[in-house]
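Counting from 239, one number per residue, gives the positions in the sequence shown under the working numbering. Glycine included, every Cβ here is placed at the ideal spot set by N, Cα and C. The structure under discussion appears below in the form of structure tokens.
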Amino acid sequence: MEPNPPPATRTASPSWAQYARVADGNPEEGAGTTASQTTTITKLSTANVSVIEIDGSLSSYYTTDAAFLSDGVAPIKSFAQIARSKGLKTVVYYPALEVISDVPNATSRSLCRDYPDWVQVAVDGTKNVFEGSGVVFWVENGQESCWPSPNSPWKDMFYRRIALLANPANQIDGLWPDVPIYFDGVSEYADFSTWGKQAFTNDTGLAPPAAAINWSNPTWRRWIVWRHENLANFLIGAHEAGRSVNPSWQTVVEIVTCDYNDATKIGLDGAYLKNVEGVSVVWEVDAMSDTNAMRSAKADDWLMMYAMYKVGPGLAALGRGCVALPIYVSSKPSWAFDYGKQTDDAQATLALAVTAGNSPYEVKIPTKEAGVNDTMRGQWYSWIGANEKRLLGSRSVARLAVYHSSASRDFTEMAAGSGIYMTTTKPSGVSEWWCTDSTCSTKAQAYLGEYRGAVKALARNHFPFDTLTSPYFSLSELLPTYTTVIAPNLVAASDSEAAVLFEWVNKGGNLLVTGAQPLTKNEYGDARSQSLLSPYLTPATGSGVVIANVGKGSIIHYAGSPFKTYLTNTTLPFQQNTLLNHILALSRTWVRIPAQNQPGVILDVKAVGNEIVVSLVNLSGGTGSFTISPVDVTVQFDTRQRNLESPFLSVPASAVASSTEVKGDVTVSVVPDTDGSTFSVTVRVEVMKLIVVKF
């Protein structure tokens, strides 16, 4: 059952969610008294926090609703009411599919002891329950971690208790459900519980697959997609439970999988929540080390992080709109964790997240209880608040989009390796590292390597771009915004996905597809009799390229894996790279840093009102031992691109720069060329700077 077919319209998200600056708050910190809660909230308010994630004790097992209210909700209610009185909003952390119980002895009660048939069951028959430390860091000796099936009666208990939380008298603004996943820490590929198998049959009409990992089995592949759909529907139901008593209730789901392969194994894919009004995402973008954050990250690793940060705003937007035709349909908020270790690397992570379009949740690795530095957080949150419309309320003016295909990820990779970062060699002196197996690396992944290679090619060469997410998107997302969509290794897609892309091509779009088997499978990984490109062109072979004019647009097929090649080899100068020059010609990109100048700088371009807002992030110090190395950056604007309309076709009236280093806007020089067709602005960038060109 598809969770969310695209709506014709979307209700605007509340401004507090769109412009959130997030921090954690524990209502039981100190003595848990009104005075201690007030102290915590005042401290966060002083640091310019606008939304508090209330992190109480709702992960615990409450045997009755009465106990849930008295022991779990009561301190949260008090905290939320104080926060509301000080002008802050609150969302409550509540694990969706994990319940932790203290089990000091054999007679202690727990969810899995009271309801043993509710638990998730993995493909090998193992139940998703464990006791003691060693599996995950947050479960201690003497505790049980129970992972119930989202289709079991736990769902009813969870929904009922959300409704109790959402009571308007509590003055809570929303829910933060965490770990709505098929947990794989005990065993893999749940849910073969009775509840899960029956739900699969009810939704698909199929008998469950045999209890064995078998990617050649079409029912297994349908099972993989159903798990995405099922978790999305579970979360939609959770949101509706809150909305049933509080019409303004918001749900912000914590999702760790971003764009990478773990989504296949644990089932949670944020793209399946794309069109659900009132449900947005806080992305837990993991750092490379739980002890060192991104301090030992190399240049390519930082770009992999940027790729993850770009997914959220791509999922949140429903039709972005170009500068000339502002059809910007209200986007949902996208929040993101920004893990740091020290002040300098924490600033770089913050800058990446916000430049991509995410509201910040600045935290110190490895937990989320505090930020790296209160002064730094306050300074950045103040600056972000002063520039919130430029950073979080603006519309993209990118002419390029990269298409992320959940189906191609699922049925090309088959969860062989996570692919989160590039570097798997643990640096000397670093005790924790994300993965030391080379098969984990992005460059080892067939789909993700090609997709992330495209992101690297665009980011490193300063092409402003957006991310489009499958499986739900519509023509309004493509027209009139983009001249070019890049679909890396697009192996699998539904007929409806392909139809939208081809309709957009007919209306003037340029679709650039890579890979040896373009569109040869459907959304369930079933082989097609021929490529869906075949009516338009004969797909290229080897390392060839085929171009076909289709309607007012074109389809370009690059065989092989040109972006994955670029991912691991950037020695070829831009001018000699046929693929990059092809993209430049197709995209008609008009705001850029000259090719190969400052490859360590990230550029993003948006518009709000009569302003063009250029975000610059300096990652040149991210070479394996992080430092801040200020750089001078020249940004060039080309007004000859006739895909723009007034007022963006002339030399601007003025330009300013804004950063955390200097309070307020600072006037900068606009330098036109001799014939007035282009102009440039040069600034020094320490960590992040905005160039705001006013027309």
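If you drop the 5 nearest sequence neighbours on each side, which residues of the same chain put their C-beta closer than 8 Å to that of residue i?
| i | result |
| --- | --- |
| PHE917 | GLN874, PHE875, THR877, VAL889, PRO890, VAL908, VAL909, PRO910 and ASP911 |
| TYR353 | PRO386, SER390, PRO391 and TRP392 |
| GLY789 | VAL743, ASN744, LYS745 and GLY746 |
| ASP441 | MET239, TRP464, GLU467 and ASN468 |
| SER283 | LYS324, GLY325 and LEU326 |
| LYS602 | TYR577, GLY578, LYS579, ALA584, ALA608, GLY609 and VAL610 |
| SER274 | GLU267 and GLY268 |
| SER915 | ASP876, THR877 and ARG878 |
Tell me which same chain residues have a C-beta within less than 6 Å of the C-beta of residue i, skipping the five on either side of it?
| i | result |
| --- | --- |
| VAL852 | VAL843, VAL873 and ILE929 |
| LYS1016 | The structure shown does not extend to residue 1016, since the chain is modelled only from 239 to 933, so the question has no answer here. |
| VAL289 | ALA258, VAL260 and LYS327 |
| GLU378 | SER371 |
| GLY859 | THR865, ILE866 and SER867 |
| VAL783 | TYR796 |
| TYR685 | SER646, ARG647, THR650, GLU651 and ASN727 |
| LEU696 | PHE703 |
| ALA653 | ASN499, THR502 and LYS503 |
| PRO244 | In this prediction, PRO244 has a pLDDT of 42, which is less than 50 and means its spatial position is unreliable; nothing more can be read from the coordinates. |
For residue i, write down the residues that DSSP places opposite it in a beta bridge.
| i | result |
| --- | --- |
| THR752 | TYR796 |
| ASN787 | SER792 |
| CYS384 | VAL337 and VAL367 |
| TYR599 | VAL260 and PHE575 |
| VAL908 | Looking at the DSSP assignment, VAL908 forms no beta bridge with any residue, so it has no partner. |
| PHE179 | Given that the chain is displayed from residue 239 to residue 933, the structure contains no residue 179 and the question cannot be resolved. |
| MET926 | VAL855 |
| GLY412 | VAL329 and GLN488 |
| ILE840 | VAL855 |
| ILE850 | ALA845 and VAL931 |
| ASP870 | ARG922 |
| ILE292 | GLY263 and VAL330 |
| VAL357 | PRO386 |
For residue i, which of helix, strand or coil comes out of DSSP?
| i | result |
| --- | --- |
| LYS548 | helix |
| VAL567 | Any answer about VAL567 is weak, because its pLDDT of 35 lies below 50 and its placement is not dependable; what the coordinates show is given next. Three-state DSSP puts VAL567 in coil, outside helix and strand. |
| GLY687 | helix |
| PRO726 | coil |
| ARG259 | coil |
| ASN218 | With the chain running from 239 to 933 in the structure shown, residue 218 is simply not present. |
| ILE462 | helix |
| THR674 | coil |
| ARG633 | strand |
| ALA667 | Residue identity differs from the one stated: residue 667 is Gly in this sequence, not Ala. Coil at GLY667, not helix or strand. |
| ASN881 | Only weak support is given to the placement of ASN881: the predicted model assigns it a pLDDT of 49, under 50, and the value that follows is read from those uncertain coordinates. If DSSP states are grouped into helix, strand and coil, ASN881 belongs with coil. |
| GLU607 | coil |
| LEU696 | helix |
| ALA591 | helix |
| THR278 | helix |
| GLU761 | coil |
| ALA895 | strand |
| THR707 | strand |
| VAL561 | Only weak support exists for where VAL561 lies, its pLDDT of 32 falling under 50; the value from the coordinates is given anyway. It is coil, neither helix nor strand. |
| SER316 | helix |
| LYS802 | helix |
| ASP362 | coil |
| VAL287 | coil |
| ALA535 | coil |
| LEU638 | strand |
| ARG830 | strand |
| VAL311 | helix |
| LEU556 | Bear in mind that a pLDDT of 47 at LEU556, under 50, signals an unreliable position, so the number given afterwards is only what the model happens to contain. Three-state DSSP puts LEU556 in coil, outside helix and strand. |
| SER298 | strand |
Spatial neighbours of residue i within its chain, please: C-beta separation below 7 Å, excluding the five flanking residues on both sides.
| i | result |
| --- | --- |
| LEU770 | ALA736 and LEU757 |
| THR662 | CYS673, THR674, ASP675, SER676, CYS678 and SER679 |
When you compare the CB of residue i with every CB in chain D, is at least one pair closer than 8 Å?
| i | result |
| --- | --- |
| GLY508 | No chain D appears in the structure shown, which is made up of a single protein chain. |
Cβ contact check for the stretch 381-398 and the stretch 350-367: 3 or more pairs under 8 Å: In short, these stretches touch, since the Cβ pair count reaches three.
Given 8 Å, three or more beta-carbon pairs between the stretch 573-589 and the stretch 531-548: Result yes; three or more Cβ-Cβ pairs closer than 8 Å.
Contact the stretch 636-651 vs the stretch 612-624: 3+ CB pairs below 8 Å: Under the 8 Å Cβ criterion, the stretch 636-651 does not count as touching the stretch 612-624, having fewer than three qualifying pairs.
Touch test, the stretch 661-674 against the stretch 685-702, Cβ-Cβ under 8 Å, three pairs minimum: Taking one beta carbon from each stretch, the stretch 661-674 and the stretch 685-702 have fewer than 3 pairs nearer than 8 Å; the two do not touch.
Secondary structure, beta strand (DSSP E): runs of 3+ residues fully inside the stretch 468-533: Correct list: 488-493 and 517-521.
Contact the stretch 592-608 vs the stretch 685-693: 3+ CB pairs below 8 Å: Using a Cβ-Cβ distance cut-off of 8 Å, the stretch 592-608 and the stretch 685-693 are not in contact, since fewer than three pairs of beta carbons, one from each stretch, lie closer than that value.
Three or more C-beta pairs below 8 Å linking the stretch 520-529 and the stretch 724-733: Judged by Cβ distances under 8 Å, the stretch 520-529 makes no contact with the stretch 724-733, as fewer than three pairs qualify.
The stretch 824-832 in contact with the stretch 627-640 per 3-pair CB rule at 8 Å: For the pair of segments examined, the stretch 824-832 was found to touch the stretch 627-640: the number of CB pairs separated by less than 8 Å reaches three.
Alpha helix (DSSP H) runs wholly inside the stretch 415-463, at least 4 long, in chain order: The stretch 415-463 contains these whole alpha helix (DSSP H) runs: 432-442.
The stretch 490-510 / the stretch 437-456 touching (three or more Cβ pairs under 8 Å): The stretch 490-510 is not in contact with the stretch 437-456.
Contact between the stretch 485-499 and the stretch 409-423 (3+ Cβ pairs under 8 Å): Result yes; three or more Cβ-Cβ pairs closer than 8 Å.
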